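J.: First residue of the sequence shown: 15, per this note's numbering; consecutive thereafter.
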Amino acid sequence: MSSSGGGGVAEEVARLWGELPVRVDWAAVAAQWAAAAAAARAAVVVPAVRALVAVSLAMTVMILAEKLFVAAVCLAVRAFRLRPDRRYKWLPIGAAGAAASSEDDEESGLVAAAAAFPMVLVQIPMFNEREVYKLSIGAACSLDWPSDRVVIQVLDDSTDLVVKDVTDKVIFQDKTPARDVPGRGGGGGGGGGGSGGDAREEVEGDIFVEECALSAPRGSEDISSRIIRSTSSLVIKDLVEKECQKWQGKGVNIKYEVRGNRKGYKAGALKEGLKHDYVKECEYIAMFDADFQPESDFLLRTVPFLVHNSEIALVQTRWKFVNANECLLTRFQEMSLDYHFKYEQEAGSSVYSFFGFNGTAGVWRIAAIDDAGGWKDRTTVEDMDLAVRATLQGWKFVYVGDVKVKSELPSTFKAYRFQQHRWSCGPANLFKKMMVEILENKKVSFWNKIHLWYDFFFVGKIAAHTVTFIYYCFVIPVSVWLPEIEIPLWGVVYVPTVITLCKAVGTPSSFHLVILWVLFENVMSLHRIKAAVTGILEAGRVNEWVVTEKLGDANKTKPDTNGSDAVKVIDVELTTPLIPKLKKRRTRFWDKYHYSEIFVGICIILSGFYDVLYAKKGYYIFLFIQGLAFLIVGFDYIGVCPP
Numbered sequence: 015m016s017s018s019g020g021g022g023v024a025e026e027v028a029r030l031w032g033e034l035p036v037r038v039d040w041a042a043v044a045a046q047w048a049a050a051a052a053a054a055r056a057a058v059v060v061p062a063v064r065a066l067v068a069v070s071l072a073m074t075v076m077i078l079a080e081k082l083f084v085a086a087v088c089l090a091v092r093a094f095r096l097r098p099d100r101r102y103k104w105l106p107i108g109a110a111g112a113a114a115s116s117e118d119d120e121e122s123g124l125v126a127a128a129a130a131f132p133m134v135l136v137q138i139p140m141f142n143e144r145e146v147y148k149l150s151i152g153a154a155c156s157l158d159w160p161s162d163r164v165v166i167q168v169l170d171d172s173t174d175l176v177v178k179d180v181t182d183k184v185i186f187q188d189k190t191p192a193r194d195v196p197g198r199g200g201g202g203g204g205g206g207g208g209s210g211g212d213a214r215e216e217v218e219g220d221i222f223v224e225e226c227a228l229s230a231p232r233g234s235e236d237i238s239s240r241i242i243r244s245t246s247s248l249v250i251k252d253l254v255e256k257e258c259q260k261w262q263g264k265g266v267n268i269k270y271e272v273r274g275n276r277k278g279y280k281a282g283a284l285k286e287g288l289k290h291d292y293v294k295e296c297e298y299i300a301m302f303d304a305d306f307q308p309e310s311d312f313l314l315r316t317v318p319f320l321v322h323n324s325e326i327a328l329v330q331t332r333w334k335f336v337n338a339n340e341c342l343l344t345r346f347q348e349m350s351l352d353y354h355f356k357y358e359q360e361a362g363s364s365v366y367s368f369f370g371f372n373g374t375a376g377v378w379r380i381a382a383i384d385d386a387g388g389w390k391d392r393t394t395v396e397d398m399d400l401a402v403r404a405t406l407q408g409w410k411f412v413y414v415g416d417v418k419v420k421s422e423l424p425s426t427f428k429a430y431r432f433q434q435h436r437w438s439c440g441p442a443n444l445f446k447k448m449m450v451e452i453l454e455n456k457k458v459s460f461w462n463k464i465h466l467w468y469d470f471f472f473v474g475k476i477a478a479h480t481v482t483f484i485y486y487c488f489v490i491p492v493s494v495w496l497p498e499i500e501i502p503l504w505g506v507v508y509v510p511t512v513i514t515l516c517k518a519v520g521t522p523s524s525f526h527l528v529i530l531w532v533l534f535e536n537v538m539s540l541h542r543i544k545a546a547v548t549g550i551l552e553a554g555r556v557n558e559w560v561v562t563e564k565l566g567d568a569n570k571t572k573p574d575t576n577g578s579d580a581v582k583v584i585d586v587e588l589t590t591p592l593i594p595k596l597k598k599r600r601t602r603f604w605d606k607y608h609y610s611e612i613f614v615g616i617c618i619i620l621s622g623f624y625d626v627l628y629a630k631k632g633y634y635i636f637l638f639i640q641g642l643a644f645l646i647v648g649f650d651y652i653g654v655c656p657p
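Laid out in structure tokens, this is it:
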């Protein structure tokens, strides 16, 4: 009954549908949609892509002109030996100057000897830098400068005050001469004998331990035992302060400063550091990030430029990388930064006496900082902000490439992404805030304003990020699908090749990695253009500040320690855990991947297949390898895995 009733309803619906006066011709509908799509393509899509091609080619030519200009300036500097000490007055400081002067030139010797050592402040801002804090503090305290004429100021904003990673080790220390414990090899560093109670002591100056009594295994009468609770990040401020106290005990004038909040991040810490009374006696400030290790003669080679040239506000030195050969990611960074220092900074210093302060490994005149309005935290590039304001006040900068300061490159892709976001978003945001102020300034020449507005900001910080992604990762792949779009050969091959060769000369030893480096830079342009747009629009993560993670020696195996105080680590079964076991949060597998890179990589590879099968434009080789580069980065096969 129900079956026949259902059939009757279906028949009735079919009858009513057949009586409708309107008939749908699906073929005609499809034809209309195709015609509309073709019209939209001809009226909107193709003109828009052509406009992008024109803009991209124009920006590419701008970048080419800038690279050729920089190369020409640097060649002239090398050819005519226009070193900084030949362009500006430079004499050794104090007694060193008198000794260096020739006996025949008494007047020069008197001038050099008269230049007394000025008071210098060395600032080291840091934030949770457990892996590297000893390096920068030790290097700063070892600078060749009279101890009564220098103040080391450690500005610690660390917030890690809890145990983040607990590892329980039961160790037995042999009181007799060193011998092997069956089943185990020699262990780590030394320590005292076991004791009861909850005594706390320091192990190798880095971690704290808690001891408790424990019966030794059978057959080990001469072995004392204890349980060590080691932590990966336990009260970092205490560790940094203890390191400062150690150097204080050696006669170094070092100050450990903390503040109640992280307002303004690094700029806030530097600004707060200048408020202390002892800073009023200082004339110059040398700044180092926590992973930077200056050579002992750093001040002797840089401060004379400031002492003998009252118009100079900043002396910037070059970065040298201790982990450049750690992985491909660090090699790529070395190639980019070597070009920046060897060519861009050198050209800016030689022609305009201006360049962007790199935030570390530089020496500032305190009067210039005050004249420029001090540190400001309105962007995430407080160093560039100060440099631009100082040059608008008429101050000059000098880059000294012969002085190199060792530092660490981020070796994990996560840390590198955060760093590049800050370095791309901040300048764009600063350009938006200062573009009118630059043009209205009356203290600098017209050409210096043009250089600052056009060359430094627009080409270097906006166009470079924009054209890299839009042109190479969007316009070229899209042009494969549009037969109407033709890109001239010079814009696809010749100009990009010249630009690449100009930038690759900074690191000749890595020239064989040029193709891989270009592909990786194209991948990173996705993040840089997003960051630049964020900075211009002042949206979302515009003020995000994530300190670049430094691994130090954490990812390197430390050698075993042998000797009479060797510690043997053996397995012991405990009936009751003395330390509660912390649950480690597992990373979900979908959080390991970078989906924007994966999506772009798939689209580019699909464009490559379309070019092979239909378009026949010959872009498929580039599209395949560029798409593969996006996928490799997207699946996180770049950099090292943190320990």
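Don't be surprised by glycine CBs; every beta carbon is placed ideally from N, CA and C. The model shown is predicted, which means the values in this text are computed figures rather than measured ones.
Give the list of continuous alpha helix (DSSP H) stretches no shorter than 4 residues that lie fully inside the stretch 602–631.
T.: Here the runs fully enclosed are 609–624.
J.: Under the three-state reduction of DSSP, which class applies to Ile-299: helix, strand or coil?
T.: Here Ile-299 sits in strand by DSSP.
J.: Per DSSP, which one or two residues make a beta bridge with Pro-139?
T.: BP columns for Pro-139 point to Leu-169.
J.: Within its chain, find whatever has a CB closer than 8 Å to the CB of Asn-462; leave out the 5 residues flanking it on each side and keep chain order.
T.: If we look at Asn-462 and ignore the five residues flanking it on each side, its Cβ neighbours are Tyr-366, Phe-368 and Thr-405.
J.: Please state if the CB of Phe-534 and the CB of Leu-423 are separated by a distance shorter than 7 Å.
T.: No, these two residues do not count as a Cβ contact at 7 Å.
J.: Would you list the residues sitting across from Gln-330 in a DSSP beta bridge?
T.: For Gln-330, which the question treats as bridged, DSSP gives the partners Gly-376 and Tyr-413.
J.: Is the number of C-beta pairs between the stretch 148–161 and the stretch 298–313 that are closer than 8 Å three or more?
T.: The stretch 148–161 is in contact with the stretch 298–313.
J.: Using only the alpha-carbon positions, how far apart do Ser-172 and Tyr-270 sit?
T.: For Ser-172 and Tyr-270, the distance between alpha carbons rounds to 12 Å.
J.: If we ignore side chains and look at the alpha-carbon of each, how far apart do Ala-478 and Leu-627 end up?
T.: So the alpha carbons of these two residues sit roughly 33 Å apart.
J.: Which word fits Leu-89, buried or exposed, when buried means at least 16 other C-beta atoms lie within 10 angstroms of its C-beta?
T.: Leu-89 is exposed by the Cβ-count criterion.
J.: Would you identify the three-state DSSP class for Ser-70, choosing helix, strand or coil?
T.: Note: Ser-70 maps to helix in three-state DSSP.
J.: Could you give the distance in angstroms between the alpha-carbon of Ile-593 and the alpha-carbon of Ile-250?
T.: Reliability of the predicted coordinates at Ile-593 is poor, the pLDDT of 41 falling under 50, and no value is obtained from them.
J.: Tyr-270 by DSSP, collapsed to three states: which one?
T.: In the structure shown, Tyr-270 sits in a strand (DSSP, three-state: E or B).
J.: Exposed or buried, which one is Phe-644 when buried takes at least 16 other CB atoms within 10 Å?
T.: Phe-644 should be labelled buried.
J.: Go ahead and label Ile-529 buried or exposed: buried means 16 or more other beta carbons lie within 10 angstroms of its beta carbon, across all protein chains shown.
T.: Exposed, by the Cβ-count rule.
J.: Within its chain, find whatever has a CB closer than 7 Å to the CB of Lys-606; leave out the 5 residues flanking it on each side and keep chain order.
T.: Excluding sequence neighbours, Lys-606 sits near Asp-650.
J.: In the DSSP assignment, what are the bridge partners of Phe-335?
T.: Note: Phe-335 sits in a beta bridge opposite Ser-421.
J.: I need the DSSP call for Gly-22, collapsed to helix, strand or coil.
T.: In this structure, Gly-22 counts as helix in the three-state DSSP scheme.
J.: Run the CB neighbour count on Lys-475, radius 10 Å, all protein chains shown included, and call it buried at 16 or more, exposed below.
T.: Lys-475 should be labelled buried.
J.: Cβ atoms of Phe-483 and Leu-540: under 7 Å apart, would you say?
T.: Contact: yes.
J.: May I ask you to list the residues that DSSP assigns as paired with Gly-653?
T.: Answer is Thr-426, bridged to Gly-653.
J.: Between the C-alpha atoms of Glu-257 and Val-146, what's the straight-line distance to the nearest angstrom?
T.: One C-alpha to the other measures close to 12 Å.
J.: Going by other Cβ atoms of all chains shown within 10 Å of its Cβ, with 16 needed for buried, is Gly-641 buried or exposed?
T.: Gly-641 should be labelled buried.
J.: Starting from the Cα of Gly-648, find the closest Cα among Ser-621, Tyr-624 and Ile-616 and give me that residue.
T.: If we check each option's Cα against that of Gly-648, Ile-616 comes out closest.
J.: Could you have a look at Val-134 and say whether DSSP puts it in helix, strand or coil?
T.: DSSP places Val-134 in strand when its eight states are reduced to three.
J.: From this set, Phe-83, Val-91, Asp-291 and Val-75, which residue's C-alpha is nearest Gln-167's C-alpha?
T.: Comparing Cα positions, the closest option is Asp-291.
J.: Enumerated in chain order, which unbroken segments of the alpha helix (DSSP H) with a length of 4 residues or greater are wholly contained in the stretch 465–494?
T.: You should have 478–483.
J.: Using a threshold of 7 Å, state whether the C-beta atoms of Asp-162 and Leu-314 are closer than that.
T.: Going by C-beta atoms, Asp-162 is not nearer than 7 Å to Leu-314.
J.: In whole angstroms, give me the CA-to-CA distance for Phe-623 and Lys-631.
T.: Cα to Cα, the separation comes out at about 11 Å.
J.: Can you give me the start and stop residues for the alpha helix (DSSP H) that Pro-98 sits inside?
T.: Note, Pro-98: alpha helix (DSSP H), 98–101.
J.: With a 10 Å radius around its C-beta and 16 neighbouring C-beta atoms as the bar for buried, classify Val-450 as buried or exposed.
T.: Val-450 comes out exposed.
J.: Within its chain, find whatever has a CB closer than 7 Å to the CB of Gly-388; leave out the 5 residues flanking it on each side and keep chain order.
T.: Here the set comprises Lys-285.
J.: Which residues share a DSSP beta bridge with Val-164?
T.: Answer is Val-134, bridged to Val-164.
J.: Beta-carbon within less than 7 Å of Ala-130's beta-carbon, same chain only, minus the 5 sequence neighbours each way: which residues are those?
T.: Gly-108, listed in sequence order.
J.: Tell me the DSSP secondary structure of Gln-307 in three-state form.
T.: Three-state DSSP puts Gln-307 in a strand.
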